[in-house]
Amino acid sequence: MRAGRAIRQAVIARLEAEVPALTGVYDRATESEVYPYVSLGPSFWNDESVECIEARSYTLQIDVWCTDGKGEAEDVVDDVSTALNGWMDQDAVTAHPARVTLVRVMDDPSGCVHGVVQVEIEVEG
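Just so you know, we're using the working numbering here: the sequence shown kicks off at 3 and counts up by one.
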């Protein structure tokens, strides 16, 4: 399995285990999901290889969706950030621990509150 897919699966498992406030963690959510939930958003990577080591700097956006206001979203975003910052499933992928590099809570045009947690992961191989 390639690194991007392995990281997504590991993040889903981690959030399901560590953030009990969530009703679900989805790679792609549907309109029928119950709030609050998380969907995995966009990702990208940059080549960070050096002479003797192939490496990528992988960035993943985790989207938090809530309906009970910004306070609820702040709590869930904090729990997601805590679960991911400094964590990595070494059995899933050879990588350094994840670093939370951006956290944001904002109103969404849908009427929900949208939280964003961005993590960066240095992946080897």
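Beta carbons are placed, not taken as given, at the ideal position from N, Cα and C, and that holds for glycine.
Take residue i and list the residues in its own chain whose beta-carbon comes closer than 7 Å to its own, dropping the five residues that flank it on each side.
| i | result |
| --- | --- |
| N87 | A100, R101 and V102 |
Taking only the alpha-carbon atoms, compute the straight-line gap between residue i and residue j and give it to the nearest angstrom.
| i | j | result |
| --- | --- | --- |
| E74 | E53 | 47 Å |
| R58 | P22 | 31 Å |
| F46 | R30 | 17 Å |
| T25 | L104 | 23 Å |
| D110 | V118 | 11 Å |
| R106 | H116 | 8 Å |
| Q120 | R16 | 15 Å |
Going by beta carbon distance, what residues of the same chain come within less than 6 Å of residue i, once the five residues before and after it are set aside?
| i | result |
| --- | --- |
| H98 | E124 |
Short of 8 Å in beta carbon distance, which residues of its chain neighbour residue i, apart from the five on each side in sequence? Order them along the chain.
| i | result |
| --- | --- |
| G6 | S45, W47 and Y60 |
| V36 | T25 and G26 |
| P129 | Given that the chain is displayed from residue 3 to residue 127, the structure contains no residue 129 and the question cannot be resolved. |
On the DSSP bridge assignment, give the partners of residue i in chain order.
| i | result |
| --- | --- |
| M108 | H116 |
| I1 | Because the chain in this structure spans residues 3 to 127, residue 1 falls outside the shown range and cannot be described. |
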